[in-house]
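Enquirer: My structure is below; once you've seen it, I'll send some questions.
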Amino acid sequence: MQLASSNDEALQELTNFVLSDVALTQKILRLSNTVSYRTASGRQISTISSAIFLLGFDMVKTCALAMLLVDRLPDNNHAQSVRFELAQALRASVIGRQLARRSHFPDSEEAAITALFKNLGQLLVASHDHDVYNEINVLTHAANLTPARASIQVLGCSYDQLAVTVLQDWKISDTLIHALTPLSSRTLKAPLNRQEWMAQVASFSAEAAGLMPHLYDAKQLTDNQALVTRFGAALNLDKAQIDQLFVAASEEAHILLDSMGLLSVPDKQAELPSDTDSSAENLLNDFLLASPDPDSQPTISCHPSGKPINAHALLLAGVQDVTQMMGSGHGKLNELIMQVLETLYQGMGFRFATLCMKDLKTEQYRARVAIGESHAARQAGFRFSTTSTNDIFHLAIKNNADLMIADATATKIYPLIPSWHRQLLPDTQSFIVLPLVIQEKVLGLLYADRSLLAPEGVSADETSLIKTLKGLLLAALNSR
Numbered sequence: 008m009q010l011a012s013s014n015d016e017a018l019q020e021l022t023n024f025v026l027s028d029v030a031l032t033q034k035i036l037r038l039s040n041t042v043s044y045r046t047a048s049g050r051q052i053s054t055i056s057s058a059i060f061l062l063g064f065d066m067v068k069t070c071a072l073a074m075l076l077v078d079r080l081p082d083n084n085h086a087q088s089v090r091f092e093l094a095q096a097l098r099a100s101v102i103g104r105q106l107a108r109r110s111h112f113p114d115s116e117e118a119a120i121t122a123l124f125k126n127l128g129q130l131l132v133a134s135h136d137h138d139v140y141n142e143i144n145v146l147t148h149a150a151n152l153t154p155a156r157a158s159i160q161v162l163g164c165s166y167d168q169l170a171v172t173v174l175q176d177w178k179i180s181d182t183l184i185h186a187l188t189p190l191s192s193r194t195l196k197a198p199l200n201r202q203e204w205m206a207q208v209a210s211f212s213a214e215a216a217g218l219m220p221h222l223y224d225a226k227q228l229t230d231n232q233a234l235v236t237r238f239g240a241a242l243n244l245d246k247a248q249i250d251q252l253f254v255a256a257s258e259e260a261h262i263l264l265d266s267m268g269l270l271s272v273p274d275k276q277a278e279l280p281s282d283t284d285s286s287a288e289n290l291l292n293d294f295l296l297a298s299p300d301p302d303s304q305p306t307i308s309c310h311p312s313g314k315p316i317n318a319h320a321l322l323l324a325g326v327q328d329v330t331q332m333m334g335s336g337h338g339k340l341n342e343l344i345m346q347v348l349e350t351l352y353q354g355m356g357f358r359f360a361t362l363c364m365k366d367l368k369t370e371q372y373r374a375r376v377a378i379g380e381s382h383a384a385r386q387a388g389f390r391f392s393t394t395s396t397n398d399i400f401h402l403a404i405k406n407n408a409d410l411m412i413a414d415a416t417a418t419k420i421y422p423l424i425p426s427w428h429r430q431l432l433p434d435t436q437s438f439i440v441l442p443l444v445i446q447e448k449v450l451g452l453l454y455a456d457r458s459l460l461a462p463e464g465v466s467a468d469e470t471s472l473i474k475t476l477k478g479l480l481l482a483a484l485n486s487r
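In structure tokens, the structure reads:
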């Protein structure tokens with residue numbers, strides 16, 4: 008939730024965040040490879056870096072949050088109600104993202120996340136105490152109360168207040184939490200600032216999400232006009248624009264819901280409540296996100312070292328992705344660097360990979376971008392002097408030699424490993440060092456390692472693809 012914008016650091020952190028969860032990685036890749044998003048070439052997207060380049064930073068971040076909500080809410084006997092509220096949250100998020108694209112406010116993509124959380128209170132109550140959820144629904148329909156009033160009567164607090172309490176416990180930013188504040192029911196005026204705009208988007212998105220399943224019903228003509236009356240001036244939307252927004256958002260939401268198995272969710276139907284003494288305070292004890300079940304995560308066929316059996320195919324896909332990114336003219340240098348690092352990391356099964364650049368001011372080689380296990384701490388400590396010594400890094404740089412070490416404990420290799428590396432990465436068993444040199448000018452190096460031996464080595468075809476990746480990176484660095 009600290010990833011507020013798509014700057015270089017945030018891009019690195021989002022990539023690492025997704026890659027740290029295998030199940031989440033697979034879901035983002037599956038979404039990227041749907042018909043609506045796949046590239047014109049029809050090639051499969053195989054890395055999160057490519058997914059971010061294709062879908063956009065904001066969409067991947069919001070989708071990742073939504074997928075974590077889906078995965079980490081408890082499975083129970085009231086799945087239909089939970090699925091309904093999840094679908095509503097996801098539809099609202101998509102609508103929020105559509106509105107963010109029209110906005111002039113900075114970091115407007117946060118509106119999609121705020122919209123995602125707008126009905127968090129309903130979602131959590133449906134998941135954790137279905138009897139209370141049904142009782143509130145009965146009051147809403149039978150007594151003609153608003154959900155806010157009905158939830159206050161049953162829980163002692165409104166759904167929105169419950170959501171705010173939980174989000175504060177989750178350490179969500181105050182900006183997002185304040186945007187969940189309920190708005191008046193009267194016609195809204197144009198927002199004076201970004202905070203007001205986010206609150207308006209969150210409310211509009213939540214109301215509009217409830218209408219999306221009935222997109223072509225006659226009743227929605229009246230409901231859409233009500234949205235225009237209340238939000239039109241504030242969000243600069245007329246009837247035609249709202250209709251267009253609904254069509255675009257419905258298509259995008261359909262893809263997202265399908266990727267999560269949430270299509271064909273029936274409308275909410277209230278059931279007769281049973282006696283309960285549950286309260287908002289008691290419910291809060293169950294609202295911490297649970298860890299995902301590791302048994303549910305997919306397995307990948309690998310050598311004992313962790314290197315994928317299909318390393319050649321993964322490397323080839325990465326080379327193609329980098330080539331396409333460079334050819335498009337739209338890829339930023341840091342996006343390309345992340346793509347190269349992730350291709351090495353995923354394609355060869357490394358546990359840590361980094362780009363190390365020469366720093367003339369400090370006369371050091373310093374890690375600038377990193378990916379993988381404990382990437383932040385290892386990036387901070389991965390630095391060494393530019394003064395040449397007889398260690399494996401300086402030997403590789405001096406000779407511009409790509410080194411692929413299958414056994415770092417071998418008698419010929421171990422004495423060449425410098426003390427700083429042994430302290431930072433004491434359990435390294437296999438690694439690669441790829442110097443980055445252009446016309447005898449040293450720029451830095453690529454490094455990646457494993458904590459296991461790699462007796463299978465690196466095939467000639469794999470070596471060729473790794474060198475191609477390095478060459479593409481050098482070309483990009485040389486052109487900037």
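So the sequence shown is residues 8 to 487, counted in the working numbering.
All C-beta atoms, glycine included, are put in the ideal place defined by N, C-alpha and C.
(1) For Phe253 versus Met219, is the C-beta distance shorter than 8 Å?
(2) According to DSSP, is Arg5 helix, strand or coil?
(3) Do Phe112 and Leu187 have their beta-carbon atoms positioned less than 8 Å apart in this structure?
(4) Count the other C-beta atoms from every protein chain shown that fall within 10 angstroms of the C-beta of Asn144, then say buried if there are 16 or more, exposed otherwise.
(5) Please name the residue, chosen from His401, Ala215, Leu343 and Ser395, that lies closest to Lys376 on a Cα-to-Cα basis.
(6) How would you write the range of the beta strand (DSSP E) that Arg193 sits in, first residue to last?
(7) If you draw a straight line from the alpha carbon of Ile492 to that of His221, how long is it in whole angstroms?
(8) Report all residues from its chain with a CB closer than 7 Å to the CB of Gln371; omit the five preceding and five following residues, and keep chain order.
(9) Below 8 Å on the Cβ atoms is my guess for Ala119 versus Thr69; work out the distance and round it to an integer in Å.
(10) Exposed or buried, what is Ala247 when buried is set at 16 or more other beta-carbons lying within 10 Å of its beta-carbon?
(11) Touch check for the region 315–326 and the region 33–41: three-plus C-beta pairs under 8 Å?
(12) In the DSSP assignment, what are the bridge partners of Pro315?
(13) What did DSSP end up calling Cys70 once you bin it into helix, strand or coil?
(14) Just to confirm my understanding: we take Asp468, look at its own chain, exclude 5 residues before and 5 after, and list those with CB closer than 8 Å. What are they?
(15) Give the DSSP-derived three-state secondary structure of Ala11 in the structure shown.
(16) Could you give the DSSP three-state label for Ala377: helix, strand or coil?
(17) Looking only at DSSP bridge pairs, what is Tyr166 linked to?
(18) Let me check understanding here. Comparing Cα to Cα, which of Leu481, Gln436, Arg193 and Ser210 lies closest to Leu340?
(19) Along the alpha helix (DSSP H) that carries Ser474, what are the first and last residues, could you check?
(20) The beta strand (DSSP E) with Ile412 in it runs from where to where?
(21) Decide if Leu367 is buried, meaning its Cβ has at least 16 other Cβ atoms within 10 Å, or exposed.
(22) Between Val171 and Gly128, what straight-line distance do the alpha-carbon atoms span, to the nearest angstrom?
(23) Determine, using beta carbons only, whether Leu452 and Ile404 come nearer to each other than 8 Å.
(24) If the criterion is Cβ atoms closer than 8 Å, does the pair Asp398 and Ile424 meet it?
(25) So, helix, strand or coil for Ala387, using DSSP?
(26) Count the other CB atoms, across all protein chains shown, that sit within 10 Å of the CB of Cys164; report buried if there are 16 or more and exposed otherwise.
(27) If you check the beta carbons only, do Gly354 and Leu321 fall under 8 Å apart?
(28) Helix or strand or just coil, what does DSSP make of Arg457?
(29) For Leu460, which residues from the same chain have a beta carbon less than 7 Å from its beta carbon, with the 5 sequence-adjacent residues on both sides left out?
(30) Counting only the same chain and skipping the five closest in sequence on each side, list residues whose C-beta sits under 7 Å from that of Pro198.
(31) From the DSSP output, in three-state form, read off Thr22 for me.
(32) Excluding the 5 residues preceding and the 5 following Glu479 in the sequence, name in chain order all residues of the same chain whose CB lies nearer than 6 Å to its CB.
(33) Quick one: is Cys309 buried, meaning 16 or more other Cβ sit within 10 Å of its Cβ, or exposed?
(34) Quick check: the Cα distance between Thr396 and Trp427, rounded to an integer number of angstroms?
(35) If I'm right that Ser88 touches Ala133 with Cβ under 8 Å, what's the distance once you round it to whole angstroms?
(36) Among the residues of its own chain, which have a CB less than 7 Å from the CB of Glu214, if the five just before and after it don't count?
Expert: Well, looking at it:
(1) Here residue 253 corresponds to residue number 246 of the sequence shown, with the count starting at 1. Here residue 219 corresponds to residue number 212 of the sequence shown, with the count starting at 1. Closer than 8 Å, so yes.
(2) The structure shown does not extend to residue 5, since the chain spans only 8 to 487, so no value can be given for it.
(3) Position 180 of the sequence shown, counting from 1, holds the residue named residue 187. Position 105 of the sequence shown, counting from 1, holds the residue named residue 112. Against a cut-off of 8 Å, the Cβ pair of Phe112 and Leu187 comes out as no contact.
(4) The count along the sequence shown starts at 1 and reaches residue 144 at position 137. Label assigned to Asn144: buried.
(5) Sequence index remark: in the sequence shown, residue 376 carries index 369 (1-based). In the sequence as presented, Lys is not what sits at residue 376; that position holds Val. Checked all of His401, Ala215, Leu343 and Ser395; the closest Cα to Val376 is Leu343.
(6) Sequence index remark: in the sequence shown, residue 193 carries index 186 (1-based). Per DSSP, Arg193 belongs to no beta strand (DSSP E) and is neither H nor E.
(7) Residue coverage of the chain in this structure runs from 8 to 487, which leaves residue 492 outside it and unanswerable.
(8) As a working mapping, residue 371 is identified with position 364 in the sequence shown. So the list reads Arg390, Phe391, Ser392 and Thr393, once near-sequence residues are dropped.
(9) Taking the sequence shown and counting its residues from 1, one reaches residue 119 at position 112. Taking the sequence shown and counting its residues from 1, one reaches residue 69 at position 62. 5 Å between Cβ atoms; contact.
(10) For the purposes of this step, residue 247 is identified with residue 240 of the sequence shown, where counting begins at 1. Per the 10 Å Cβ criterion, exposed.
(11) no
(12) Within the sequence shown, numbered from 1, the residue matching residue 315 stands at position 308. Answer is Cys309.
(13) Position 63 of the sequence shown holds residue 70. Reduced to three states, the DSSP call for Cys70 is helix.
(14) Along the sequence shown, read from residue 1 onward, the residue named residue 468 stands at position 461. For Asp468, where only same-chain residues beyond five positions count, the Cβ hits under 8 Å are His319.
(15) Sequence index remark: in the sequence shown, residue 11 carries index 4 (1-based). Because Ala11 sits at a pLDDT of 44, beneath the cut-off of 50, its placement in the model cannot be relied upon, and the following sentence gives the value as read from the coordinates. Note: Ala11 maps to coil in three-state DSSP.
(16) On the sequence shown, position 370 is the one that residue 377 refers to. Of the three classes helix, strand and coil, the one that applies to Ala377 here is strand, per DSSP.
(17) Residue 166 sits at position 159 when you count from the first residue of the sequence shown. Beta-bridge pairing links Tyr166 to no other residue.
(18) The residue given as residue 340 occupies position 333 in the sequence shown. For Leu340, the nearest C-alpha among the options comes from Leu481.
(19) Translated into the one-based positions of the sequence shown, residue 474 becomes position 467. Looking at the sequence shown, residue 474 is not Ser but Lys. Ala467 to Ser486 is the span of the alpha helix (DSSP H), which, as asked, contains Lys474.
(20) Taking the sequence shown and counting its residues from 1, the one referred to as residue 412 is at position 405. Element bounds for Ile412: Leu410 to Ile412.
(21) Here residue 367 refers to the residue found at position 360 when the sequence shown is read from its first residue. Per the 10 Å Cβ criterion, exposed.
(22) Position 164 of the sequence shown, counting from 1, holds the residue named residue 171. Position 121 of the sequence shown, counting from 1, holds the residue named residue 128. Computed Cα separation, rounded: 8 Å.
(23) The residue given as residue 452 occupies position 445 in the sequence shown. The residue given as residue 404 occupies position 397 in the sequence shown. Yes; because the gap between Cβ atoms is below 8 Å, this pair is in contact.
(24) Residue mapping note: residue 398 aligns to position 391 of the sequence shown, counting from 1. Residue mapping note: residue 424 aligns to position 417 of the sequence shown, counting from 1. Result yes, Cβ atoms of Asp398 and Ile424 sit closer than 8 Å.
(25) Numbered from its first residue, the sequence shown carries residue 387 at position 380. Helix, per DSSP.
(26) Residue 164 sits at position 157 when you count from the first residue of the sequence shown. Cys164 comes out buried.
(27) Within the sequence shown, numbered from 1, the residue matching residue 354 stands at position 347. Within the sequence shown, numbered from 1, the residue matching residue 321 stands at position 314. A contact, by the Cβ cut-off of 8 Å.
(28) Here residue 457 is taken as the residue at index 450 of the sequence shown, counted from 1. Arg457 falls in the strand class under three-state DSSP.
(29) Counting from 1 along the sequence shown, the entry for residue 460 is found at position 453. Excluding residues within five positions, the ones whose Cβ falls inside 7 Å are Ser312, Ala413, Asp414, Gln436 and Ser437.
(30) As a first step, residue 198 is located in the sequence shown; it is residue number 191 there, counting from the start. Hits under 7 Å: Trp204, Gln207 and Ala241.
(31) Translated into positions along the sequence shown, residue 22 becomes position 15. Reduced to three states, the DSSP call for Thr22 is helix.
(32) Within the sequence shown, residue 479 is the residue found at index 472, counting from 1. As written in the sequence, residue 479 is Leu, which differs from the Glu given in the question. So the list reads Val329, once near-sequence residues are dropped.
(33) For the purposes of this step, residue 309 is taken as the residue at position 302 of the sequence shown. It is exposed - the Cβ of Cys309 has fewer than 16 other Cβ atoms within 10 Å.
(34) As a working note, residue 396 is residue 389 in the sequence shown. As a working note, residue 427 is residue 420 in the sequence shown. Distance between the alpha carbons of Thr396 and Trp427 is about 13 Å.
(35) The count along the sequence shown starts at 1 and reaches residue 88 at position 81. The count along the sequence shown starts at 1 and reaches residue 133 at position 126. Yes, they are in contact, since the Cβ atoms of Ser88 and Ala133 sit about 4 Å apart, within 8 Å.
(36) In the sequence shown, residue 214 corresponds to position 207, counting from 1. Correct list, in chain order: Leu234.
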